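Structure, as C-alpha cells:
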Amino acid sequence: MWDKRKTVGTLSLALALASAYRLRHQIISRGIGLPPPRYQVRVTRNLRIPMLDGIHLLADLYSPVTTEKCPTILIRTPYGRRLGADMMGMFAIFVGHRFAEQGFHVLIQDVRGRFDSEGEFEPFVNERVDGLATLAWIETQPWFNGAIGMWGPSYLGYVQWAVAANSPPSLKAIMPMVVGSNGYSVVHADGSFGLESLLRWIYLLDSAGSQTRPSFRKVTRRLTVAQQEKWLARGFWHLPLKDADRAIIGEHIPYFQTWLHQTCPNDPYWQLTDLRENINNVQVPVHLLSGWYDFALRELLADYMRLRQNGRSPYLTIGPWAHSDTGHVVAGLQHGLRWFNAHLKGIPDATRQKPVQIYVMGADEWRWFGDWPPAYRPFPLFLHSNHKLTPQMPADFEPPDVYLYDPANPTPSLGGTMLGPRGGVVDGRELEFRPDVLVYSTPPLEKDVEVIGPVKLVLYVKSSVSNTDFYGRLCDVWPDGRSLNVCDGLHRLRVGETAVQPDGSCRIEIDLWATAYRFRAGHCLRLYVASSAHPRWARNLGTDEPLATATRIVTARQTVFHDAKRPSALILPLFQGEL
977 MWDKRKTVGT
987 LSLALALASA
997 YRLRHQIISR
1007 GIGLPPPRYQ
1017 VRVTRNLRIP
1027 MLDGIHLLAD
1037 LYSPVTTEKC
1047 PTILIRTPYG
1057 RRLGADMMGM
1067 FAIFVGHRFA
1077 EQGFHVLIQD
1087 VRGRFDSEGE
1097 FEPFVNERVD
1107 GLATLAWIET
1117 QPWFNGAIGM
1127 WGPSYLGYVQ
1137 WAVAANSPPS
1147 LKAIMPMVVG
1157 SNGYSVVHAD
1167 GSFGLESLLR
1177 WIYLLDSAGS
1187 QTRPSFRKVT
1197 RRLTVAQQEK
1207 WLARGFWHLP
1217 LKDADRAIIG
1227 EHIPYFQTWL
1237 HQTCPNDPYW
1247 QLTDLRENIN
1257 NVQVPVHLLS
1267 GWYDFALREL
1277 LADYMRLRQN
1287 GRSPYLTIGP
1297 WAHSDTGHVV
1307 AGLQHGLRWF
1317 NAHLKGIPDA
1327 TRQKPVQIYV
1337 MGADEWRWFG
1347 DWPPAYRPFP
1357 LFLHSNHKLT
1367 PQMPADFEPP
1377 DVYLYDPANP
1387 TPSLGGTMLG
1397 PRGGVVDGRE
1407 LEFRPDVLVY
1417 STPPLEKDVE
1427 VIGPVKLVLY
1437 VKSSVSNTDF
1447 YGRLCDVWPD
1457 GRSLNVCDGL
1467 HRLRVGETAV
1477 QPDGSCRIEI
1487 DLWATAYRFR
1497 AGHCLRLYVA
1507 SSAHPRWARN
1517 LGTDEPLATA
1527 TRIVTARQTV
1537 FHDAKRPSAL
1547 ILPLFQGEL
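Sequential numbering of the sequence shown, starting at 977, is according to this note's numbering.
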C-alpha cells in the first residue's frame, strides 16, 4: 500500500540533500569562516611541467571560471594532489577549490619523485631548482596575470623558503606555515634526535605515496590509528637507530640514514638544505603561521627574528595548535585569503590590527602586537628541596634532589610538540608518580598571571655518566588536579662541551620554547625535571657511542642542585601580574 507520508518525507529529504549538495561550497566556506564563493571552479589535471634536467613534474590547475585574468597561488607538495593520496590528497583538493572560488588560479604540484612526478625524492635537496623552474613555467602560461603567491604548511612551507631568496619579480608573497628554514635543528633537536616526528614522517610518506614499495602501502592503508601507533612503536624502541626505518618500512630509507649519520650542522647535507642565510636576501612579503605545540615553532620564530633584523616587516600568527591539528589549516586559509588579496590583488586587509597576532592560552583570546616578543620582565622561580617553586632564593644549603634515569625505561613524552595524534595539550599527572621525575610547584595563585615570550630553565646538575639529557616541562595545574603541559624542552649534556664547576656540577640552560599563557587564580605552576621524553626525543643511552649505531645502555644517577651557590631556576617571561 502506498504510504503518502513516507513518500513525501523521502522526497523532502531527497530535495533537502540535493539543495545541500548544490549549496555545498557555500556551506563549506561559511563553516570555515571564508566569504561565499565568487566563482565556479574548473580543474585541469595532469599538467606536465618540465624541469631543467629534462624530467617532468605533474600538477593540477584549479581555475575560477571567468574571463578575467587572475593571480596564481602555487602549492608544491610531497603528500599527493589527488584522492589516491588518502587524506592528504583530499587536503590538496579542498584547498585548491577554496582559493579558486575566491578568484585565484591554484597550481598544485607533486614534488620530484612523489606520486606520478618523475625523478627521485630527496627531501629538501631539489626544491630551489625545481621551484624556480615551476615559477618560470607559470610565467609562460596564457592564464598568468603577472602575480604569484605560494602557500602551505610543513614541507609545503619549506619549498617556499627554497625559492624566496632572490626570487623572480612575479613572486609577490609567500605564507610558510608550521615550518622553519633550518631542517637541521628540527632533525637534531636540542642536540638529540627528533625520533617521533622523523619516523612518523617517513612512515607517512611511504604509506601515502611510495613508488618503490606498493606492497607496504597496501598493508599500512588497512591499519587503524591504534594499529599504526603499535606499528610505529617498533621503530621508536628499536636499537640501533640505524635500523629503526627498517623496523617500520621493511628497508633502509636513504635520507633517514643521512639524517642519522650526518650529525653536525656543517656536514654537506645540512649545508645544502639549510636556508637560514637565504632569508637575508628575501624581499618578498612573508606571513608566518604556527602553533604553540608545533615541533617547528622555534625555527619559525627564529626566521621571524632574522627577517626583522634584516629590516623586513613579516606577519606572524601563532595559535593553540600542534603540527597535525586541522586548526592551523583553517586559519591558514582565512589569513591566506586576506594575505593574497592584499599582495596579489591590491585589496587591503582591514581585519589585521597589527602584524603579530597570537593566541593567549588560558585566557582563550587573540592578541595583537607590533613585534615579537612583546616587552616582558624575566622572572625567576627558584627550585627548592621541599619540591616548591618560589620567587625566593634558596638557602645556603638545601640538599639536592637525586633520581636514576634508566634508558631501558625512559620517561615518556606526553603531548607537546609531537607530530602524531598525541601532540598538543594533555594531562600529565601520570608522570608525577615516576621515580625518574622531579616535581616542583608554586602555591595556588592569588591572581591571574600571564607569561608571553621565551621560557628558560637554568639547572645546576651532575651526572654519573659523561653523556646524558635533562628535560624540563612547565605545566598549569588546575584546582581539580589536572596538570596540563604549557611548554617543554631538552638539553643534551656532554662532558667536555659544558663547563664543569669545581664541585663537579654543570650549569645548563634548557630552552623550554616560547608560549603565551594565562595562569588563572587558584591554579599552580608546576615544573617537571627528567632525563627523557621518549619518543619525542630519542633516548640518551648514557654512552659515547655514535647516534646511529649505539646499543649499549647505562643507567645514570642524576643530581639537581638548588642552593645559594647553585640556584636552579625557571625563568618566566612575565607579561602581566605578579607571582
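We put the beta carbon where it would ideally sit given N, CA and C, even for glycine.
Remember, predicted model here, so these are calculated numbers, not experimental data.
In the three-state DSSP reduction, Thr-1110 falls in the helix class (H, G or I). For the options Pro-1013, Thr-1042, Phe-1070, Thr-1519, the alpha carbon positioned closest to that of Glu-1077 is the one of Pro-1013.
Burial check for Asn-1142: the Cβ neighbour count within 10 Å stays below 16, so the residue is exposed.
In terms of Cβ geometry, Leu-1550 and Phe-1271 do not form a close pair [threshold 8 Å].
In this structure, Ile-1114 sits near Leu-1050, with a CB-CB distance shorter than 8 Å. When rounded, the separation of the alpha-carbon atoms in Ala-1514 and Asp-1377 is 24 Å. The bridge partners DSSP lists for Leu-1248 come to none. Note that the C-beta distance between Tyr-1131 and Gly-1079 is not below 8 Å. Every beta strand (DSSP E) stretch that sits fully inside the region 999-1031 and reaches 3 residues is listed by chain position as 1017-1026. Burial is judged here by how many other beta carbons sit within 10 angstroms of a residue's own beta carbon; Thr-1200 has fewer than 16 and is exposed. In the three-state reduction of the DSSP assignment, Phe-1495 falls in the strand class, which pools E and B.
In the DSSP assignment, Phe-1551 falls outside any alpha helix (DSSP H) and lies within the beta strand (DSSP E) extending over 1545-1552.
Proximity of the region 1150-1160 to the region 1121-1128 meets the contact definition, three or more beta-carbon pairs being nearer than 8 Å. Secondary structure note for Ile-1255: it is in no beta strand (DSSP E), with a DSSP letter that is neither H nor E. Burial of Ile-1255 is indicated by the presence of at least 16 other C-beta atoms within 10 angstroms of its C-beta. In the displayed model, Asp-1377 falls within a strand according to three-state DSSP. Leu-1421 sits away from Leu-1546, with the two beta carbons spaced by 8 Å or more.
In the DSSP assignment, Val-1201 falls outside any beta strand (DSSP E) and within the unbroken alpha helix (DSSP H) covering 1201-1212. Looking at Tyr-1231, Ala-1351, Val-1139, Val-1305, the one whose alpha-carbon comes closest to that of Pro-1261 is Val-1139. Listed as beta-bridge partners of Pro-1040 by DSSP are Val-1017. The residues Ser-1417, Ser-1459, His-1499, Cys-1500, Arg-1502, in chain order, have a CB closer than 7 Å to that of Val-1453 in the same chain once the five nearest residues on each side in sequence are set aside. By the 16-neighbour rule on beta-carbons within 10 angstroms, Val-1441 is buried.
DSSP, reduced to helix, strand and coil, places Asp-1219 within a helical segment of the structure shown.
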